[in-house]
Amino acid sequence: MHSVELLPDPATERAVRDVWRRLADAGLPSLAAHHHPTNRPHLTLVTTDHLPPQTHAHLKHSFAKTLPLPLRLDGLLRFSGRTRVSAWAVRPDEGLLRLHETVWRTLRDAPGSGSMNPLLDPVRWVPHITLSRSRGTVRAELPDGLFPRTSDALPAILTGWWTSARHYDSGPRTVERLGP
47 MHSVELLPDP ATERAVRDVW RRLADAGLPS LAAHHHPTNR PHLTLVTTDH
97 LPPQTHAHLK HSFAKTLPLP LRLDGLLRFS GRTRVSAWAV RPDEGLLRLH
147 ETVWRTLRDA PGSGSMNPLL DPVRWVPHIT LSRSRGTVRA ELPDGLFPRT
197 SDALPAILTG WWTSARHYDS GPRTVERLGP
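As numbered in my numbering, residues 47 to 226 make up the sequence shown, in order.
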């Protein structure tokens with residue numbers, strides 16, 4: 047599988063990694079336990095069976111014109127199925143939605159890109175940064191204090207920037223920079 051991903055600025059990456067660490071410290075599933083050097087907070091725009099080399103130049107041009115983009119994390123999402131996922135919701139602005147549509151269309155129309163994940167289609171996309179993945183029947187509760195807070199009642203809105211993009215190839219587990 048090949049994915050095209052946006053990466054956050056260093057301060058936002060530290061904040062997400064802090065949440066990963068807090069989950070792990072609480073004995074909960076966390077991406078902190080995934081120690082491969084390619085594991086880092088990201089926003090997946092598209093996944094596909096193949097990423098044809100001729101699309102790289104087009105994607106790099108799109109990212110060079112567009113990044114950085116504002117980033118806003120706001121609230122917790124949960125996805126269920128074979129794998130349970132907890133994630134920090136990304137609240138997209140118009141620029142992020144346009145970029146996502148451009149990347150989706152580029153790969154959809156590229157000869158040889160293969161099958162794309164329909165959950166990432168712009169009409170279905172739920173942008174997020176994954177915090178944890180788990181399998182099994184036990185549903186763990188997330189601890190208080192997991193997110194930075196502005197009050198005792200609500201998680202803070204975390205703002206930052208999407209500063210770069212990459213291509214991740216899950217076969218050899220390699221990354222290639224696509225954006226500034």
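C-beta: ideal position from N, C-alpha, C; glycine also.
Go through its chain and collect everything with a Cβ distance to residue i's Cβ below 6 Å, but skip five positions before and after it.
i: A156; result: P98 and T101
i: S49; result: T90, T93 and Y214
i: K111; result: none
i: K106; result: L224
i: P75; result: S178 and S180
i: E222; result: H213
i: F125; result: V131
From the options, pick the residue whose C-alpha is nearest to that of residue i; which is it?
i: R179; options: A70, P56 and P54; result: A70
i: T93; options: L77, R60 and H146; result: H146
i: M162; options: S126, G73, D95 and A72; result: D95
i: G141; options: G73, V221, R68 and L115; result: L115
i: D139; options: W208, P56 and R68; result: W208
For residue i and residue j, which I take to be in contact (beta-carbon distance under 8 Å), what is that distance rounded to the nearest angstrom?
i: M47; j: S159; result: Rounded, the Cβ-Cβ distance is 12 Å, inconsistent with contact.
i: P54; j: G206; result: 6 Å
i: R128; j: R181; result: 7 Å
i: L123; j: P226; result: No, L123 and P226 are not in contact; Cβ-Cβ is about 28 Å, not under 8 Å.
Just to confirm my understanding: we take residue i, look at its own chain, exclude 5 residues before and 5 after, and list those with CB closer than 8 Å. What are they?
i: D198; result: Confidence in D198 is poor, its pLDDT being 46 and thus under 50, which makes the residue's placement too unreliable to answer from.
i: L166; result: T90, L91, V92, T93 and W150
i: P168; result: L143, H146, E147 and W150
Is residue i buried or exposed, if buried means 16 or more other CB atoms sit within 10 Å of its CB?
i: A211; result: buried
i: H51; result: The question names His, but residue 51 is Glu in the sequence shown. Buried, since its Cβ has 16 or more Cβ neighbours within 10 Å.
i: A78; result: buried
i: L119; result: buried
i: L117; result: buried
i: L143; result: exposed
i: S108; result: buried
Report all residues from its chain with a CB closer than 7 Å to the CB of residue i; omit the five preceding and five following residues, and keep chain order.
i: E59; result: R86 and P87
i: R219; result: H82 and T84
*Is the segment 129 to 146 close to the segment 169 to 181, with three or more CB pairs under 8 Å?*
yes
*Three or more C-beta pairs closer than 8 Å, one from the segment 142 to 155 and one from the segment 63 to 77: is that the case here?*
no
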